[in-house]
Each structure stands twice: as C-alpha cells, then as structure tokens.
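Student: Each residue of the sequence shown is one higher than the one before, starting from 0 at the first, in numbering that gives the first Met the number 0.
Think of the CB as a built atom: it goes at the ideal place given N, C-alpha and C, for glycine as much as any other residue.
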Amino acid sequence: MSDKVRLCLWFDKAAREAAEFYAATFPESRVGETQLAPADNPSTRAGEPLTVEFTLLGIPCLGLNGGPAFRPNESVSFQLATETQEETDRYWHAIVDGGGQESMCGWCKDRWGFSWQITPRALTEAMSSPDAGVRQRAFEAMMGMKKIDIAAIEAAVAG
C-alpha cells in the first residue's frame, strides 16, 4: 500500500470517537496517533485533539477536527462489499443503530454524517449480469429496499 495517499475525513470534534467506532466495527481497522493542536485555532484549542490517524478497512485515514464549517454529504461514500446477509445486517445495524440513519438502496449514514453503501456481492453480480432482464429485476428489487435483502435480490434474479 502506498504511504503517499490517505483519506482525510473532516469532523467537528469527534475524530477520535469516530476512529474508535470504525476500528471496533470493521476488520483491518485500527486507531493510530493523535496529534494535539499546538495553539488555539478556529476549530480547536491548544492541547485538544486536532488530528487522529487511523486505518479503516485497510485504508489509511486522517481524522481532522476541523470544526463545523464543512459537513459530509452523499457525493462521497464508503462502499462496503458483503458476502452474506449476516454480514450485511451486522454492518448496517452497527452504523444505523450506532446513531446513524437509514437511506434507500443499501445506503445509510453513520452518526458523523458519512455515507455508507452496504452492498452484498449478490447485488453487484446481478447488476453486472450479461442478461438485461436479470439486471432490471435486481435493480427494481433494490429500489424498494433500504437495507439490501439478499434473498429478495436472488428471488428477483430468478424471476
């Protein structure tokens, strides 16, 4: 993995809390060093956490306590491929029940406003089918869901 690029996520004041949640929830995730603000600035006071290094699903990240000026939105999201309904349910509920909110078509937001697509491979495979009818049936089934139901996708694919 390259050490030249990492994802910087902007938080109001909860970068460490978010990093700890991600590390406890997702594999290949851990919390690293916290850098304290060397002086007062618009978002933090001297001595408060300014940045938190963490790894999220193997992706190097930096959480920046940048204050309330910028909020996450749906234009950037994490897409997490899942293998089973149990795995899909576990991640969905960790995010939604942990203060987040449901959306449509496998999307949800965590309590810090970051969007997640919890996407079972069964859906991805159906949407990649060479058969246009399979793609359409899978798409139509997905459009009526919040959390993706793999059995319902498979039933739609089967016709």
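Whether or not the stretch 97-106 and the stretch 57-71 are in contact is what I'm after, with contact meaning three or more pairs of Cβ atoms, one per stretch, closer than 8 Å; do they touch?
Tutor: Segments in contact, no.
Student: Is it true that the CB of TRP115 sits closer than 9 Å to the CB of GLN84?
Tutor: Along the sequence shown, one-based indexing puts residue 84 at 85. Along the sequence shown, one-based indexing puts residue 115 at 116. Going by C-beta atoms, GLN84 is not nearer than 9 Å to TRP115.
Student: Considering just the uninterrupted stretch of the beta strand (DSSP E) at GLU47, what are its terminal residues?
Tutor: Position 48 of the sequence shown, counting from 1, holds the residue named residue 47. That residue, GLU47, is in no beta strand (DSSP E); it is neither H nor E in DSSP.
Student: Relative to the C-alpha of PHE113, which candidate in VAL4, ASP11, ASP2, LYS3 has its C-alpha closest?
Tutor: Position 114 of the sequence shown, counted from the start, is the residue given in the question as residue 113. Here the closest residue by C-alpha is ASP11.
Student: CB LEU164 to CB MET141, shorter than 9 Å?
Tutor: An answer regarding residue 164 cannot be provided, because it is not within the stretch 0 to 158 covered by the chain.
Student: Have a look at GLU82, GLU52, MET126 and flag the residue whose alpha-carbon is nearest the alpha-carbon of VAL4.
Tutor: One-based indexing of the sequence shown puts residue 4 at position 5. Checking every option, the nearest Cα to that of VAL4 belongs to GLU52.
Student: Whole angstroms is fine: what's the gap from THR87's alpha carbon to THR118's?
Tutor: Position 88 of the sequence shown holds residue 87. Position 119 of the sequence shown holds residue 118. Rounded to the nearest angstrom, the two C-alpha atoms are 7 Å apart.
Student: Enumerate in chain order the residues of its own chain whose CB-to-CB distance from THR43 is below 8 Å, with the five nearest sequence positions on each side excluded.
Tutor: As a first step, residue 43 must be located in the sequence shown, where it is residue number 44. Excluding sequence neighbours, THR43 sits near LYS12, ALA36, LEU49, ASN64, GLY66.
Student: Buried or exposed for ASP109, please, with buried defined as at least 16 other CB atoms from any protein chain shown within 10 angstroms of its CB.
Tutor: As a working mapping, residue 109 is identified with position 110 in the sequence shown. Per the 10 Å Cβ criterion, buried.
Student: Do you know offhand how far ASP39's Cα is from ALA45's?
Tutor: As a first step, residue 39 must be located in the sequence shown, where it is residue number 40. As a first step, residue 45 must be located in the sequence shown, where it is residue number 46. For ASP39 and ALA45, the distance between alpha carbons rounds to 5 Å.
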